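Numbering (my numbering), first residue to last: 7 to 708.
Just so it is clear, CB atoms sit at the ideal spot from N, CA and C, and this is done for glycine as well.
Every value quoted in this text rests on a predicted model; they were computed, and no experiment measured them.
Some notes on the structure that comes next.
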Amino acid sequence: MFTRLIAAVSAGVFAGAVLADDETEPRPDGFVVPEPAQQLYDFLDDPALFSQPTLSPNGRYLAYVGALEGPEVEDDEDGEDLQRVLVILDLEATGDNTRRMMSLTDMRPTWLRWASNERLLMAASFEIELRNRRARRYYRDNPPRATRVLSFSSDLQGSPAILFSNGNARLQGSNRRLSSITDYLPDEPDYVIMPADYQGRNSLWRVNVVTGESEIYEQGTRRTVSWHTVDGVPVMRFDVSRSGRRMYIYSRASGEDEWVRTQTIRRRDIQEQQNQTDFEWAGQTGVPGEIYVRAQPGGSDFVGIHRYDLASGTFLETVAERDDYDIDAAFVSDYTGAFLGYSFVADRREFHFSNSTFGAHYRGLLNFFGDQIEVYPWSFGGDRMILRVAGPTEIGSYYLYDFEATHIELLSLIWPRAMEVQTSEMQPVSWTARDGLAVSGYVTWPEAGSGPDTPLVVMPHGGPEVRDSIGFDFMSQYLANQGYAVFQPNFRGSYGFGSQFMQAGHRQWGLAMQDDIEDGVRHLIEAGEVDPDRICLVGFSYGGYAALSGMARSPDLYKCAVAGGSVTDLRRFLDFKEDISDEVNEYWIDLIGDRRDSEQRPRLEATSPVNQAGMMRGPVLLYHGEDDRAVPVRQSRDMADALEDAGVPHVYLEEPEGGHNWGGTDENFRITIENISSFLADAMDGSLETFEPVEPREPEDD
């Protein structure tokens, strides 16, 4: 594997860095080193040469899933045979005892975690052995699979134990996936607590990681979906309401018997959203009867971390809350359940550690990697940490960092073939909207840089309650690689900037949200950084709606648009959401408006692109998946008809059996992005002359 040794000037605060003389060392015999990618998307075909790295609790062992050349697994697309292997490195051993490997044959690993310093757990899926002849014929081309957790010794000696191996037929038959760990029980290294269905109830089981044997520990209800424990004792239970529209949280302090319903949260079953919840577990406090939660109590503009009383279901104290960004996740130890810190997204995702020493080291690592790189603490063990680093200028790598030695080592590139691919930095940009609201976003510049001749692609995000940040974004990098500047605005309604900013976008589809995007574009024009006569919009889902809305509202500004999986008719879209559930319907009414309200209906109709086709001039490329369950395909079909009736040049492409994405298969993804590239090359001047699209393919039968 590649190795890079870096000496820090001082612990955790890097004033400079020095490479060791021998920058690399050979990979173990047989490990695959692919050729560099020729196109930006070529690296997506890379096999998983290195994945799921994880450190043992004491930091001595590093486990990961690798790949060797061998005949025991299927060919990849390049015709090479690759064999998956489990690898454990002893970081404190020398000589021939540092690395042990075991073939995984036809297993497909999904995660690796240490149950103790001596036992490694791996969740993996297997083909189910079918004893019934009729079932074998039925599943001939696509055998069913089940997921189980295997337990390995740290030296990979002997056969792994299969957890729940003593389960009766009723237990095994009702659980295709037995792969969740609720509690690692660090004081009892031979046991873990796992959830599994039994007699129709989600229940907790005590499972021996050495033998695989299990016994029932606590039974839930027929509506229980998940659990949390403190020191092995269940203290919080999540149940779905009878209607499925609410999640009920039941709590009890350690030592208590009765469960008390303490919280009710909404279930937002919306495929295109990030499913940000109003309340979630954030770790153990170490104080009996109290936990940390990530929540937004009444009166608070930003999501924070709070102490929570299990018995009364009340918030006790704010532990962490920012005045600029929402805290988007708690950082909790997989092994102990302890709260370690939190993450938030400023221009890039960053982490704040509750341990000040870790925090100092982490700030030094941020300085070392630079402001274009997100440094994600992937796994902790002893005085070591695995980092996953990625960003516009480094597509993705894993590093091993030693806190005591302030030593960092490159473990593996996530996509080795992408090493030579040209990528571009993302520049933060901010502007003031016409009503005085401060708005921000990012521009990915092409190799030629900015200037009055630089063509611009405006790429609003989907959601709309998500946000863009500095990181590796395939579509923006691909378009920048084609010579375009790519502008990604975080218009009002985006998530992460507090509830006031997000709610400022409610019922502003096609109005103030669209103003924010246009004001950002005009800011770039006035700065002399882009060509005012070559600007097009590209978006997906809500981003596609914004692309079409921009074409109608500002036909003199935008020359063309690409809209994929787009909302085009707000009233019919709201009809569709109402049919899912009352809860989903309420959410979208808050976000867009109430089509049954006579005062709101005119606005919904006036801001629906399907009714604005006559206002558009430049060419439009529409793309939609036939089986899209988030935005019905009828939305794009009706838009294509409206463009046809209005005489607007357009192309409509529909992916057979496609879902809510830019291409359901690797081949269709390539077709889509190449169609976008060809369309923009032709349509940037506002006309459509040479574009000849490639139709998406029917998926092949397995």
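To the nearest angstrom, how far is the alpha carbon of residue i from that of residue j?
i	j	result
Phe158	Pro195	13 Å
Ser185	Leu162	20 Å
Ala317	Leu443	42 Å
Tyr197	Asp581	50 Å
Met690	Leu627	12 Å
Ile541	Cys566	7 Å
Glu673	Glu701	11 Å
Ala69	Leu61	7 Å
Thr342	Gln290	9 Å
Pro115	Gln58	9 Å
Phe386	Ala99	19 Å
Gln277	Ile271	Only weak support exists for where Gln277 lies, its pLDDT of 36 falling under 50; the coordinates are left without a value.
Tyr484	Ala687	13 Å
His512	Phe350	23 Å
Asp27	Leu97	Confidence at Asp27 is low in this model, with a pLDDT of 31, below 50, so the placement of that residue should be treated as unreliable; the coordinate-derived value is given next. Going from the Cα of Asp27 to the Cα of Leu97 covers about 21 Å.
Asn5	Gly304	Shown here, the chain extends from 7 to 708; a query on residue 5 therefore has no answer.
Tyr331	Gly504	6 Å
Tyr407	Phe359	16 Å
Arg577	Phe546	19 Å
Pro705	Val657	22 Å
Ser165	Glu660	50 Å
Asp603	Asp585	18 Å
Asp459	Glu535	8 Å
Glu296	Tyr314	6 Å
Asp441	Glu605	24 Å
Ser683	Thr696	12 Å
Arg394	Val338	17 Å
Thr412	Leu371	10 Å
Glu711	Arg228	Since the first residue of the chain shown is 7 and the last is 708, residue 711 is not available in this structure.
Ile677	Ala619	26 Å
Phe308	Ile379	25 Å
Beta carbon of residue i, beta carbon of residue j: below 8 Å?
i	j	result
Phe374	Tyr298	no
Thr235	Thr188	yes
Ala130	Thr153	yes
Leu127	Val215	yes
Glu133	Arg151	yes
Asn667	Gly631	yes
Asp353	Ser430	no
Asp389	Glu410	yes
Tyr448	Gln433	yes
Asp634	Gly669	no
Arg623	Gly692	yes
Val246	Arg258	no
Met502	Asp334	Reading off the sequence, residue 502 comes out as Gly, not Met. A contact, by the Cβ cut-off of 8 Å.
Ala202	Phe244	no
Val325	His312	yes
Val568	Phe685	yes
Leu118	Val155	no
Ser306	Glu286	no
Ile420	Ile392	no
Thr104	Leu95	yes
Using 7 Å as the cut-off, classify the Cβ of residue i as near or not near the heavy atoms of the ligand ADP, replying yes or no.
i	result
Ser160	With respect to the ligand ADP, the structure offers nothing, as it holds no ligand at all.
Which whole-angstrom value is the C-beta distance of residue i and residue j, which I expect to be below 8 Å?
i	j	result
Ile199	Ser209	Actually they do not touch by this definition, with Cβ atoms about 11 Å apart.
Gly477	Ala396	7 Å
Pro662	Leu694	The Cβ separation is near 24 Å, so there is no contact.
Tyr564	Leu597	The Cβ separation is near 24 Å, so there is no contact.
Asp562	Leu462	In fact, because the Cβ distance is near 15 Å, the residues do not count as touching under 8 Å.
Val435	Ser446	7 Å
Tyr348	Ala366	With 8 Å as the limit, Tyr348 and Ala366 do not qualify as a contact, their Cβ atoms being about 17 Å apart.
* **Any 3 or more C-beta pairs closer than 8 Å across the segment 639-659 and the segment 572-586** => yes
* Counting pairs of beta carbons, one from the segment 518-529 and one from the segment 492-506, are three or more of them closer than 8 Å? -> yes
* Cβ contact check for the segment 480-492 and the segment 444-463: 3 or more pairs under 8 Å -> yes
* Inter-stretch contact at 8 Å, needing at least 3 Cβ pairs: the segment 542-558 / the segment 608-627 -> yes
* Sufficient close CB pairs (3 or more, under 8 Å) joining the segment 204-220 to the segment 254-267 -> no
* **Whole beta strand (DSSP E) elements within the segment 656-696, 3-residue minimum** => 656-661
* Complete beta strand (DSSP E) runs within the segment 369-396 (minimum length 3 residues, chain order) -> 380-387
* Sequence ranges, beta strand (DSSP E) only - wholly within the segment 600-633, length at least 3 -> 626-631
* **alpha helix (DSSP H) segments (min. 4 residues) lying fully within the segment 524-598** => 548-559, 576-584, 588-597
* **In chain order, each beta strand (DSSP E) run of at least 3 residues that lies wholly inside the segment 394-453** => 400-408, 413-419, 432-438, 444-450
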